[in-house]
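Residue numbers (our numbering): 5 to 436.
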């Protein structure tokens, strides 16, 4: 009994001590997290600021899930910045499951409150359309609506919209009037004390091509250099191209490589490919094919078809890596989907010899030979003709065979010329 009384006294003492300590522990936490208390009490601005702190890891550990939660709370209270940020979370899948239709809806709510960044995103969605997670098109592209929004934003001098609108006006289908408007927009942007380097680079394109102004390639080079000095990756890559091929400036391989290197480090996929090629060819002492592989891979991740193709060649031939023809086929396929004809031809050959699926797939081979042939690959044009002659992957057709042989012959394939001559001199039906 005495022992139980002692235990009881100890428990009471421990509880009293705990009650004394708890206020000391709770007070600092409450003081430090007063923002969370306000947000939990329904303060919309507090919820928005709390979400930002969670998103950027300021004053508390970064947590995208909690950021999205509090952005939503603030968004539901009508704060346009929160609506925009929650839409961005839905678009990118940060803290919530990605959902483009819902993202569009929240961007639109923020745009309806005259929040320019949201209106700009709405315009971009109208340009591309909106698909659900199954790929079904829920919002069809609507260029007219997009243009109306962009023109309104440009009238308010919202810079991203001005640049987007200028880029659209400079497109291949742009009229002389479109080019004039693009030039005026870009001139207005670049006249400001601070302007994005992309605007300088685009104005350089206008002077280079004579869009909205007399053609002045010297002026174009000056503007490109200004954009490059401000870190514009596209401008750096273009200067590399100009120095490589002697356009506007005198050819200078060293300068070309310097610009390609800087553009590559800035994340430009084609410049990364060019830099990788230079590394592979030994233009940088102490660097080798292993170094080049790193940049080929970066370029491919950026969506450069040439990089996918080159990686395919390296894996096919076992250069710098262990030979793996199936991996090569997958890499060729990535480039082929982007319309790169060399990859389409190589992929067709791998389907034809059975590398891809373990046995020849003549139909797939013919399909990719045809894509490459239509893209202007002379070897593919001859192979398409041979497929029609043999009925390989396609129904036999002497007329189609002759058509493709003639195309290949006109493009310089002497074997195609000889085969066409042989067919035309043969008795009817001898090839069937």
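Cβ coordinates follow ideal geometry from the N, Cα and C atoms, glycine included.
If you draw a straight line from the Cα of residue 121 to the Cα of residue 79, it is about 15 Å long.
Taking a 10 Å sphere around the C-beta of residue 392, we find 16 or more other C-beta atoms and assign the residue as buried.
A direct Cα-to-Cα measurement between residue 257 and residue 247 gives close to 7 Å. A direct Cα-Cα distance of roughly 54 Å separates residue 39 from residue 336. Taking each of 304, 300 and 341 in turn and checking the Cα distance to residue 324, the smallest one comes out for 300. Per the coordinates, the alpha-carbon of residue 110 lies some 44 Å from the alpha-carbon of residue 368. With respect to residue 112, residue 134 sits apart: the two C-beta atoms are not nearer than 8 Å. Rounded to whole angstroms, the gap between the alpha carbons of residue 432 and residue 425 is 13 Å.
Beyond the five residues adjoining it in sequence on each side, residue 60 comes within less than 8 Å, by CB distance, of 66 in the same chain, given in chain order. By the C-beta density criterion, residue 180 is exposed, having fewer than 16 other C-beta atoms within 10 angstroms.
Here the alpha carbons of residue 157 and residue 140 stand approximately 30 Å from one another.
Residue 294 and residue 283 have their alpha carbons spaced roughly 9 Å apart. For the set 137, 203, 297 and 306, the Cα lying nearest the Cα of residue 319 is the one of 297.
In the same chain as residue 288, and ignoring 5 residues on each side of it, the C-beta atoms closer than 7 Å to its own belong to 282, in chain order. A check of alpha carbon separations from residue 115 across 62, 101, 150 and 144 identifies 150 as the nearest. In its chain, beyond the 5 residues on either side, 237 have a beta carbon closer than 6 Å to the beta carbon of residue 270.
Spatial neighbours of residue 389 in its own chain (CB-CB distance under 6 Å, excluding positions within 5 residues in sequence) are listed in chain order as 405, 408 and 409.
For residue 323, there is no enclosing beta strand (DSSP E), since its DSSP letter is neither H nor E. In this structure, 155 is the residue among 37, 155 and 104 with its C-alpha nearest to the C-alpha of residue 182. Taking residue 412 as the centre and dropping the five residues before and after it, the same chain places the C-beta of 382, 385, 386 and 420 closer than 6 Å to its C-beta, in chain order. A distance below 7 Å between beta-carbons, with the five flanking residues on each side excluded, links residue 274 to the following residues of its chain, in chain order: 241 and 308. The beta carbon of residue 202 sits closer than 8 Å to the beta carbons of 167, 231, 236 and 238 from its chain, once the five residues preceding and following it are set aside; these are given in chain order.
Residue 347 places its beta carbon 8 Å or farther from that of residue 373. Note on the region 227 to 315: whole alpha helix (DSSP H) runs with a minimum of 4 residues are 237 to 249, 257 to 269, 273 to 284 and 293 to 305, in chain order.
Scanning 428, 124, 331 and 415 for the CA closest to the CA of residue 160 turns up 124. In the structure shown, residue 135 adopts extended strand secondary structure according to DSSP, grouped into three states.
Residue pairing by DSSP puts residue 141 in a beta bridge opposite 135. For residue 64 and residue 355, the gap between their C-alpha atoms comes out near 55 Å. The straight-line gap separating the alpha-carbon atoms of residue 163 and residue 245 is approximately 28 Å. About 5 Å separates the beta carbons of residue 90 and residue 76, which is inside the 8 Å limit, making them a contact pair.
The residue among 344, 351, 130 and 49 with its C-alpha nearest the C-alpha of residue 365 is 351. Take the alpha-carbon of residue 264 and the one of residue 306: they are about 15 Å apart.
The C-beta separation of residue 147 from residue 131 comes to about 6 Å, placing the pair in contact by the 8 Å criterion.
If only complete runs of 4 or more residues are kept, the region 109 to 194 shows the alpha helix (DSSP H) at 120 to 132, 147 to 159, 163 to 173 and 180 to 194, in order along the chain.
Contact between residue 345 and residue 304 does not hold, since their C-beta atoms are separated by about 18 Å, which reaches or exceeds 8 Å. Sequence-distant Cβ neighbours of residue 358 in its own chain, meaning closer than 7 Å and more than five residues away, are 364.
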